Amino acid sequence: MITLAMVGLGYWGPNLLRNFAQLPDCHVKVCCDLDPRSLTKAKQQYPYLSVTDNYDTLLSAPEIDAIVIAAPARTHYVLAQKALQHGKHLFVEKPLTLDVQQAIDDVVFVNLQFPNAVMAHIQLSWLDPHKIRRTTIV
Numbered sequence: 022m023i024t025l026a027m028v029g030l031g032y033w034g035p036n037l038l039r040n041f042a043q044l045p046d047c048h049v050k051v052c053c054d055l056d057p058r059s060l061t062k063a064k065q066q067y068p069y070l071s072v073t074d075n076y077d078t079l080l081s082a083p084e085i086d087a088i089v090i091a092a093p094a095r096t097h098y099v100l101a102q103k104a105l106q107h108g109k110h111l112f113v114e115k116p117l118t119l120d121v122q123q124a125i126d127d128v129v130f131v132n133l134q135f136p137n138a139v140m141a142h143i144q145l146s147w148l149d150p151h152k153i154r155r156t157t158i159v
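Residue numbers for the sequence shown follow this note's numbering, so the first one is 22 and each next one is one higher.
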């Protein structure tokens with residue numbers, strides 16, 4: 022069972038909420054949105070949900086395994102980056118970012134930090150055939 026937090030209940034978020042809520046191995050625990058009307062509507066449809074307007078509470082909640090982001094596109098990159106830095110699994114509605122450079126930077130260079138101090142640094146590029154491909158695990 023994976024426990025999710027849903028971020029963004031505007032245009033596409035309610036569809037994702039409905040679909041994730043129907044999955045047998047998925048439990049949507051909390052929804053986050055800045056619009057109190059959206060939170061009220063979600064709570065009416067799914068009475069078991071907790072609701073919040075504070076994204077940081079989701080990041081610090083150890084019971085949340087994954088975060089689904091369907092907030093305004095301009096916020097996707099920052100919200101996704103924070104979730105990954107807090108060790109959360111992530112689903113981001115497209116686009117990941119509105120800035121091509123941000124997308125390239127995060128796709129090409131990946132740093133994985135594990136709780137036991139093991140670190141994996143991976144450099145990948147399928148965009149530019151001249152870039153170095155290297156994997157280092159320390």
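Every residue gets a Cβ at the ideal spot worked out from N, C-alpha and C, and that includes glycine.
Remember, predicted model here, so these are calculated numbers, not experimental data.
*asked:* For a minimum of 4 consecutive residues, which ranges assigned as the alpha helix (DSSP H) are wholly contained in the region 59 to 91?
replied: 76 to 80
*Could you check if I23 is buried or exposed, using at least 16 other CB atoms within 10 Å of its CB as the buried criterion?*
exposed
*When the Cβ atoms of the region 112 to 119 are set against those of the region 91 to 99, are three or more pairs found closer than 8 Å?*
yes
*Own chain residues within Cβ distance below 7 Å of A92, not counting five before or after*: V28, G29, L100
*Go ahead and pull the three-state DSSP assignment for I50.*
For the sequence presented, residue 50 should be read as Lys rather than Ile. It is a strand residue.
_Assuming H110 is part of the beta strand (DSSP E), what are its boundary residues?_
110 to 113
*asked:* Rounded to whole angstroms, what is the Cα-Cα separation between K62 and C52?
replied: Computed Cα separation, rounded: 11 Å.
*Between L25 and K64, which are expected to be in contact by the criterion C-beta below 8 Å, what is the C-beta distance as a whole number of angstroms?*
Contact flag wrong, Cβ pair sits at about 16 Å.
*Leaving out five residues before and five after L105 in sequence, what residues of the same chain have Cβ atoms less than 7 Å from its Cβ?*
L111
*Cα-Cα separation between P68 and A42, rounded to whole angstroms*: 12 Å
*Secondary structure at T24, three-state DSSP: helix, strand or coil?*
In the displayed model, T24 falls within a strand according to three-state DSSP.
*How is the alpha helix (DSSP H) around A42 delimited, first residue to last?*
34 to 43
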